[in-house]
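> Attaching a single structure in structure tokens format; questions to follow.
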Amino acid sequence: MMSWYLCRFKVGELNHATCKDHFPVPFIDKVLEKQARKSHYCFLDGFSGYMQIHIALEDQHKTTFTYPFGTFAYTRMPLGLCNAPSTFQRCMTSIFSDLL
């Protein structure tokens with residue numbers, strides 16, 4: 001089985017035109033300080049975390065790029081978008097808000 005992961009497309013113009021989302025990403029020292037008082041811990045592996053977040057159908061055309069094998073548009077959030085970290089953190093905060 002062969003699989004391709006297309007990880008690079010030109011995001012400069014898209015990032016420049018994007019309204020910036022300034023959702024706070026927590027500082028690791030604050031997170032660890034809160035966890036120090038807990039009796040139980042859980043490890044969450046965020047492998048391919050960004051790829052779990054869907055791009056709205058009406059916005060997918062903004063991620064279109066041409067590759068030697070054809071033209072593609074992302075349906076999931078790729079690395080490199082300026083708001084990717086904030087969007088991911090907002091999702092994680094929403095999901096785990098009762099545990100934080």
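Residue 3 in UniProt numbering sits at position 3 of the sequence shown, and the numbers go up by one each step. Each residue gets a CB set at the ideal place from its N, CA and C atoms; glycine is no exception.
With which residues is H54 paired in a DSSP beta bridge?
Position 54 of the sequence shown, counted from the start, is the residue given in the question as residue 54. For H54, which the question treats as bridged, DSSP gives the partners R76.
> Report the rounded CA-to-CA distance for M77 versus I53, giving the unit in angstroms.
As a working mapping, residue 77 is identified with position 77 in the sequence shown. As a working mapping, residue 53 is identified with position 53 in the sequence shown. Roughly 6 angstroms between the two C-alpha positions.
> Can you have a look at T63 and say buried or exposed, based on whether 16 or more other CB atoms are within 10 angstroms of its CB?
Walking along the sequence shown from the start, residue 63 turns up at place 63. Classification for T63: buried.
> Please go through the same chain and pick out, in chain order, the residues whose beta-carbon is closer than 7 angstroms to the beta-carbon of V11, but skip the five residues on each side of it.
Counted from its first residue, the sequence shown places residue 11 at position 11. Within the same chain, V11 has close Cβ partners G80 and L81.
> Closest by CA to T87, which one among S97, K20 and F47?
Within the sequence shown, the letter at position 87 stands for residue 87. The shortest C-alpha separation from T87 is found at K20.
> Hey, how far is the Cα of Q60 from the Cα of A73?
For this step, residue 60 is matched to residue 60 along the sequence shown. For this step, residue 73 is matched to residue 73 along the sequence shown. Cα-Cα distance, rounded: 6 angstroms.
> What residue range is occupied by the uninterrupted beta strand (DSSP E) comprising T63?
Looking up residue 63 in the sequence shown gives position 63. Careful: T63 lies outside any beta strand (DSSP E) and carries neither H nor E.
> For the alpha helix (DSSP H) holding S94, just list the boundary residues, first then last.
Taking the sequence shown and counting its residues from 1, one reaches residue 94 at position 94. Counting along the chain, the alpha helix (DSSP H) containing S94 begins and ends at A84 to F96.
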